[in-house]
Amino acid sequence: MALSKEAVRGTPEFGFGSRSTSVGRKIKVFDRSKGLEIPGVKSEAGFILDLEKPEERAEEWSQTPESLDAYTQNPVRAYLRELGKIPLLTAQQEIELAKRIENGDSKAKKKMIESNLRLSFAIAKHYHGDGMDLLDLTQWGNLGLHKAVEKFDWRLGYKFSTYATWWIRQRITRAIADYDRTIRIPVHLNEKINKGVSAKKTLLQTLGREPSIEEIAEEAGLEIEEMEKLIKIAVKPTSLSVLIGEDEDFELGNLIENPDDNTEELAFKGLRSETLHKVLKSLPERDRKTLELRFGLNGNDPHTLEETGKHFGVTRERVRQIETKALTRIRANDSKNPDIESLRELSKDI
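Pasting the structure below:
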């Protein structure tokens, strides 16, 4: 039974499901350090060598949809049942189809794609949980499968599944990277960032502590200056609508000066800045400076956890702890402070 055109190609809009996880979650990196973790796939140094008995693995997925109940819904089960009705190809059949595809046979191309959709689903399953719906991931993988069918050269002697896996992975990982970020990062930079993420994870395990930028750069095979730039690029933008303050009724964007403000508004903001100064002044110097750097207060530019930690000579986790402690202290000790009450009232008016 042939799949519908929509099932093979995916809907044109590629509508994403609701985000089940925080935007800030990291995507899984399948690279030199981890390889591609798919049942039946061997990997060495991050490059796929071969696929062991793809027919058996694909048949296994089509017959056991109940094993996916923990994290999927009925549409996935229905999709798997439909895939199970499509016969798999032998190596010789793949070669024959590839020859026909070279001659422009659209039916051969369609059959090659449909017969390998289970491979696309198997790969997409291992990226599920990073904020995108499983069927959306599968659709992106199917686009990679299309590209693999168009570019496959049967004369080189490779199995089609081995060749197609790379294209499927590429499409899926790019889709996740674009989905997870407000500002799209070019592919070549995203790959270097992933190297840095992988290098940091490796060093955390081997060193048992937070690695320095120099150590991460060396592990990733990058220059220190380049690594520092990548760290800044990788920082995700913070929404100006994020709520801060004791009752979270004050938007971060209200702290930014508007050059078009009139005199009355500037007077209000001047009072607010004075109030903030009084509140921060009540904190220990280290806590006060940490908040000033993190939130870009008192003439400072906003700093990341990494940058703030570098300033104080501590880890980013320690900075996070200091920041949390300082904010808790403000809420606990100054909950009735008239300055904070004034700040709360001003935030409603401005």
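All residue numbers for the sequence shown refer to my numbering, where the first residue is -1 and numbers rise by one.
Every residue gets a Cβ at the ideal spot worked out from N, C-alpha and C, and that includes glycine.
How about residue i and residue j: are their beta carbons less than 8 Å apart?
i	j	result
alanine 232	isoleucine 191	yes
isoleucine 170	tryptophan 138	yes
lysine 123	leucine 132	yes
leucine 202	proline 209	yes
glutamate 217	alanine 197	yes
Tell me which residue opens and which closes the alpha helix (DSSP H) that residue i is part of.
i	result
isoleucine 84	Taken as a continuous stretch (DSSP letters only), isoleucine 84 belongs to no alpha helix (DSSP H), as it is neither H nor E.
valine 312	Taken as a continuous stretch (DSSP letters only), valine 312 belongs to no alpha helix (DSSP H), as it is neither H nor E.
phenylalanine 293	283 to 293
histidine 144	132 to 149
serine 280	That residue, serine 280, is in no alpha helix (DSSP H); it is neither H nor E in DSSP.
leucine 117	115 to 123
leucine 220	That residue, leucine 220, is in no alpha helix (DSSP H); it is neither H nor E in DSSP.
Are there 16 or more other CB atoms within 10 angstroms of the CB of residue i, so buried, or fewer, so exposed?
i	result
leucine 117	buried
asparagine 101	exposed
threonine 306	buried
alanine 215	buried
leucine 281	buried
histidine 186	exposed
asparagine 72	exposed
asparagine 298	exposed
glutamate 354	With the chain covering only -1 through 348, there is no way to say anything about residue 354.
For the candidate residues the options, whose alpha-carbon lies nearest to that of residue i?
i	options	result
tryptophan 165	Asn114, Ile211 and Pro209	Asn114
lysine 293	Gly142, Ser280, Lys308 and Leu325	Correcting the residue identity first, residue 293 is phenylalanine in this sequence and not lysine. Answer by Cα proximity: Leu325.
glutamate 148	Arg316, Leu278, Glu92 and Lys199	Glu92
glutamate 212	Asp151, Lys308, Lys323 and Gln90	Lys308
leucine 141	Trp152, Ala89, Arg172 and Arg153	Arg172
glycine 155	Asn298, Ala89, Ser104 and Glu80	Ala89
methionine 130	Leu143, Lys109, Arg153 and Asp176	Asp176
Spatial neighbours of residue i within its chain, please: C-beta separation below 7 Å, excluding the five flanking residues on both sides.
i	result
glutamate 304	Ile229 and Arg314
isoleucine 121	Ile36, Gly139, Thr163, Ile166, Arg167 and Ile170
phenylalanine 150	Ala96, Phe158 and Tyr161
arginine 316	Gly307
arginine 318	Leu303
Can you list, in chain order, the residues of its chain with a C-beta nearer than 6 Å to that of residue i? Leave out the 5 residues immediately preceding and following it.
i	result
tyrosine 125	Leu135 and Ile170
leucine 87	Ser113
arginine 286	Leu278
isoleucine 99	Ala106 and Lys107
phenylalanine 119	Thr136
Near residue i, which residues of its chain fall below 8 Å by C-beta distance, leaving aside the five closest residues on each side in sequence?
i	result
arginine 284	Phe310 and Ile320
leucine 205	Glu213
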